[in-house]
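**Student:** I'd like to ask some things about the structure below.
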Amino acid sequence: MDLEPIPTDELIFRLPEMFDSVEAERRHRQERLVAALRLFGRFGFEEGVAGHITARDPEHPDHFWVNPFGMSFKHIKVSDLILVNHQGQVVHGRYHVNQAAFAIHAMVHQARPDAVAAAHSHSVYGKALSSLGTLLEPLTQDACAFYEDHGLFDDYTGVVVEIEEGRRIAQALGSHKAVILRNHGLLTVGDSVDAAAWWFITMERSCQAQLLAKAAGPTVPIDHEQAKLTHGQIGNDLVGWISFQPLYEQIVRSDTDMFD
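All the letters of the sequence shown, read from the start, carry residue numbers 2 to 261 under the working numbering.
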């Protein structure tokens, strides 16, 4: 057996794909969107008809793909996705759009042209932390991905169905990767479906860790300089994309009907 070190440039390291056509990129985003929705279902992020993930169409950037209203995350296939314009009208697909998904996501996509995808759901720990009206603290390495990189929408006015409310949420998000919606839950964005979904998943887990730690006793936060350093190491969308890949591989292997 040859035990010579293998050159680093000969080792496999996956990076985001490049596409030769909008059709190929559209299909890629649809498949990643369905995989993210299935994972949200697996992780228990469903709450009735609440929750949605959107992906901007690569050819028509003022349109986004989204899960249909009233369909379980656990069952969604590519053929079920709907395409919605920024007037809230379905232009492709057979199902209705969740009006809250339109009111929030249309304004987020409009305010953030860099955001390919946005994720929002009523996950247990996210909505629990949101009821405290506070931000995530740098209590763990993973939470540092959000250090000085998430906002707080410090208001609650019922179910979001008005465009103006979506616009206010987009303002609270600002240039950050995430926003906590008080008494409501979490919303994350990314330059890929993979990144947006990963930020939501790890933010939910960071909310859980913060709630558990504070219930156990006094906490020891990471200091500002180290939290900033760690954010620089793990807080960019490429790291978010990479972190999502093991989950994507899991769901593709287990849910073989997703891409029908």
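Ideal Cβ placement from N, Cα and C applies to all residues, glycine included.
1) With a threshold of 8 Å, are at least 3 pairs of Cβ atoms found where one atom belongs to the segment 206-224 and the other to the segment 157-171?
2) Taking C-alpha atoms, which residue in Arg28, Asp81, Met108 lies nearest to Gly89?
3) So, for His123: in the same chain, excluding its five sequence neighbours on each side, which residues have a beta-carbon less than 7 Å away from its beta-carbon?
4) Return the first residue and the last residue of the alpha helix (DSSP H) that Ala197 is part of.
5) If distances are taken between C-alpha atoms only, which option among Leu182, Pro62, Ala171, Gly175 comes closest to Tyr157?
6) I'd like to check one pair, Arg28 with Pro59: are the Cβ atoms closer than 7 Å?
7) Where does Thr231 fall in DSSP's three states?
8) Thinking C-beta only, is Phe74 closer than 7 Å to Val98?
9) Suppose the cutoff is 8 Å on Cβ atoms and the five residues either side in sequence are ignored; what does the same chain contact list for Arg15 look like?
10) Just the C-alpha distance for Val79 and Leu4, rounded to the nearest angstrom, thanks.
11) Cβ atoms of Ala198 and Ala120: under 7 Å apart, would you say?
12) How many Å lie between Val85 and Ile77 at the Cα?
**Tutor:** Checking against the coordinates, here is how it stands:
1) no
2) Met108
3) Glu48, Ala51, Gly52, Gly186
4) 194-217
5) Leu182
6) no
7) helix
8) no
9) Ile243, Gln246
10) 45 Å
11) yes
12) 17 Å
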